[in-house]
Amino acid sequence: MGLMSVMADIWRSRSRSALTMSAVAIGIFSVTVISAAGQIGTAKINDSLDDMGVNSVLVEAQEAGVALSDSDIDALGGLSGVNGAMPLMAQVTKCELIESNVSCMVWGVNEKADEIISMKAIHGRLIDRSDLKKAENICVIDDEIALETYGRTNIVGKTVSVNFGGKYTDFTVVGVAESGLSPIQNMMNDAVPYFVYIPYTTAQNISGKSEYDKIAVLLDKNGDGETAIDRIKTCMANVKGEGSIKISELQSQKKQLDGILAAATSALSFTAGISLAVASVSVMTAMLVSVGERKREIGIKKSLGARNIRIVGEFLAESTMICIIGSIVGIAAGCAAAFVIGLAVGESFVMQTDIMLIAVAVSAVIGMISGSYPAYKAARMKPVDALKM
Numbered sequence: 037m038g039l040m041s042v043m044a045d046i047w048r049s050r051s052r053s054a055l056t057m058s059a060v061a062i063g064i065f066s067v068t069v070i071s072a073a074g075q076i077g078t079a080k081i082n083d084s085l086d087d088m089g090v091n092s093v094l095v096e097a098q099e100a101g102v103a104l105s106d107s108d109i110d111a112l113g114g115l116s117g118v119n120g121a122m123p124l125m126a127q128v129t130k131c132e133l134i135e136s137n138v139s140c141m142v143w144g145v146n147e148k149a150d151e152i153i154s155m156k157a158i159h160g161r162l163i164d165r166s167d168l169k170k171a172e173n174i175c176v177i178d179d180e181i182a183l184e185t186y187g188r189t190n191i192v193g194k195t196v197s198v199n200f201g202g203k204y205t206d207f208t209v210v211g212v213a214e215s216g217l218s219p220i221q222n223m224m225n226d227a228v229p230y231f232v233y234i235p236y237t238t239a240q241n242i243s244g245k246s247e248y249d250k251i252a253v254l255l256d257k258n259g260d261g262e263t264a265i266d267r268i269k270t271c272m273a274n275v276k277g278e279g280s281i282k283i284s285e286l287q288s289q290k291k292q293l294d295g296i297l298a299a300a301t302s303a304l305s306f307t308a309g310i311s312l313a314v315a316s317v318s319v320m321t322a323m324l325v326s327v328g329e330r331k332r333e334i335g336i337k338k339s340l341g342a343r344n345i346r347i348v349g350e351f352l353a354e355s356t357m358i359c360i361i362g363s364i365v366g367i368a369a370g371c372a373a374a375f376v377i378g379l380a381v382g383e384s385f386v387m388q389t390d391i392m393l394i395a396v397a398v399s400a401v402i403g404m405i406s407g408s409y410p411a412y413k414a415a416r417m418k419p420v421d422a423l424k425m
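One point on numbering: in the numbering used here, the residue at position 16 of the sequence shown is 52, and numbering is uninterrupted.
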C-alpha cells in the first residue's frame, strides 16, 4: 500500500477527510496552546521573580540580644555560592513630603543595593560610595510614595523629612526606585506601604548603632541556591547559635509557583486532550462511512485474491494518515498562536521538537486505534455480499 494510493483514497472523500482532520487538528491545537501558555507563564514568573531578587536572601536576628556586625557580613560574603553581602538597617517611621505625612520604612543600605536587592532607579541615581563615606543626608524613595504625595514619579531634588526618635531629619531625594521589585519589599507582606533608602552610615550616625538589623545576601545565579542557603544557615548557627537567626528567601516560593503552574498546565492539557478522544470517534465514524461506500471496491479486491491483511492495512493507513496530517496542521496553528501570545506578553517561545514528535506519534496511535474496527469490518466482508451492491 503506497503513500500515493493512501493519499488518493483520502482525496476521493476529501470533504469528509478534511472535517475529520479538523477535529484532530483542534485537539492538537488546544494541547499545544495550553502547553505553550504554561511554558510562557513559567518563564514570565521566573523573570518577575528574578526582577524581585529571587537570588537574594535576608538574614536577620530571631532572638533578642543577637546582633549582626561587619564580621558576619565578611563571613557570609566569603561562603561558596554567595556573590556578596550587604548590611541593612531598618526602621518603621513617618515621612513628610510637602504637606503629606505618610508611614514608611527607612532602610540603610550601601552601594550594592542595585545588585543585591535588585533596586532599579527610574529617575536620578542610587546610593554610591561617596554618599556612604560622607554619610550624606540623601535618599532614594520608591515611586509609589512619589505618586502619593506629588502625583508624579520624578521628584529628584525634593526634600523628605524623616522622623527619627521624634526628631525630623531632612533628606534630599537623589533617586526614585521602581516599587515592588526589591525582595525586602515582597517579604514585608505589604505591612508598610512605602520604602525610603538612605546610606547605612547615615542611619548609623542618626541611631548611634554600629550593628545591623539585617544582612542581604546575593546568591550565585549559576549555583545551587538551596545548598548556598544551607551554608548560610550553618554559618550563622555556628557564629550566633542554633535558632537565633531567621533566613527569608524567595527560592522556595519560586519552586512552589513553578510546581503549581506545571500542575495547572498538566490539568488543562489533560482536559484539552479529551478533544482528541472526541476526534478519535470522528475518525472511526468517517472510516465506517468509508467502508460502507467502498463495499464494491473491497469485494472486487477480495475476489481478485486480496488478503484480509491488505484490506486492514489500507484502512489503517488511511485513518493514520488523516490523523497525522491533522496533527501537523494543529501543531502549526498552535505554534503560530503561541508565538502571538509570546509577543503579547514579551516572552519568546520555541516549540520543543520532542513535544511535536510526541504529538504526531500520539495522533498516529489514535488513527490506528480509531481505524481498527472499520478495518476489521472491511476485512471480514465477504466478496459475494460486497458485490451485491
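Cβ coordinates follow ideal geometry from the N, Cα and C atoms, glycine included. As the structure is a prediction and not an experimental result, all values here were calculated from the model.
Could you please give the first and the last residue of the uninterrupted beta strand (DSSP E) stretch that includes N146?
-> If you number the sequence shown from 1, residue 146 lands on position 110. Segment: none, N146 is in no beta strand (DSSP E) and carries neither H nor E.
Indicate, with yes or no, if the ligand PLP has a heavy atom lying under 7 angstroms from the CB of A100.
-> For the structure depicted, the ligand PLP is absent and the ligand set is empty, with no information on it obtainable.
Euclidean distance between Cα positions of R188 and I134 = Looking up residue 188 in the sequence shown gives position 152. Looking up residue 134 in the sequence shown gives position 98. Approximately 13 angstroms, taken between the alpha carbons.
Let me know the alpha helix (DSSP H) ranges lying completely inside the stretch 329-414, each 4 residues or longer, listed in chain order.
-> Inside the stretch 329-414, DSSP marks whole alpha helix (DSSP H) runs of 4 or more residues at positions 331-339 and 344-381, from first to last along the chain.
Compare the C-alpha of S92 against each of A300, M357, I265 and T270 and name the closest.
-> Position 56 of the sequence shown, counted from the start, is the residue given in the question as residue 92. Closest option to S92, Cα to Cα, is I265.
Minimum C-alpha distance to A149 - residue among H159, V138, A121 and E333 | Against the sequence shown, residue 149 aligns to sequence position 113. If we check each option's Cα against that of A149, A121 comes out closest.
Is DSSP giving I36 helix, strand or coil here?
-> As shown, the chain starts at 37 and ends at 425. That puts residue 36 outside it, with no answer to give.
Residues near K276 by beta carbon distance below 6 angstroms, same chain, minus five either side | Along the sequence shown, one-based indexing puts residue 276 at 240. Around K276: V102.
Beta-carbon gap between S318 and A59 smaller than 8 angstroms | Along the sequence shown, read from residue 1 onward, the residue named residue 318 stands at position 282. Along the sequence shown, read from residue 1 onward, the residue named residue 59 stands at position 23. In contact: S318 and A59 (Cβ atoms closer than 8 angstroms).
What are the start and end residues of the alpha helix (DSSP H) that includes E240?
-> Looking up residue 240 in the sequence shown gives position 204. The residue asked about is misnamed: residue 240 is Gln in this sequence, not Glu. Unbroken alpha helix (DSSP H) run through Q240: Y236 to S243.
Would you say the stretch 48-65 touches the stretch 364-384, given that touching needs at least three Cβ pairs under 8 angstroms?
-> Enough Cβ pairs lie closer than 8 angstroms, so yes.
Cα-Cα, which of M323, L393, G259 and L254 is closest to M57?
-> Here the question's residue 57 lines up with position 21 in the sequence shown. Ranked by how close their Cα comes to the Cα of M57, the residues M323, L393, G259 and L254 have M323 in first place.
Kindly indicate which three-state DSSP category N91 falls into: helix, strand or coil?
-> In the sequence shown, counting from the first residue as 1, residue 91 sits at position 55. The answer is coil: DSSP assigns N91 none of H, G, I, E or B.
Which one of A73, A171, L112 and D390 has the shortest CA to CA distance from A299?
-> To locate residue 299, count along the sequence shown from 1; it is residue 263. It is A73 whose Cα lies nearest to the Cα of A299.
Report the rounded CA-to-CA distance for F231 versus G244, giving the unit in angstroms.
-> In the sequence shown, counting from the first residue as 1, residue 231 sits at position 195. In the sequence shown, counting from the first residue as 1, residue 244 sits at position 208. When rounded, the distance between both Cα atoms is 21 angstroms.
Which residue's Cα is closest to the Cα of V176: D206, G211 and T205?
-> Here residue 176 refers to the residue found at position 140 of the sequence shown. Sorting D206, G211 and T205 by C-alpha distance to the C-alpha of V176 places G211 at the top.
Same chain only: Cβ atoms within 7 angstroms of L304, ignoring 5 sequence neighbours per side | Taking the first residue of the sequence shown as 1, we reach residue 304 at position 268. If we look at L304 and ignore the five residues flanking it on each side, its Cβ neighbours are I70.
On the three-state DSSP scale, how would you describe Q127?
-> Looking up residue 127 in the sequence shown gives position 91. Secondary structure at Q127: strand, using DSSP grouped into helix, strand and coil.
State the start and end residues of the unbroken alpha helix (DSSP H) segment that holds I181.
-> On the sequence shown, position 145 is the one that residue 181 refers to. For I181, the enclosing alpha helix (DSSP H) has its first and last residue at D179 to Y186.
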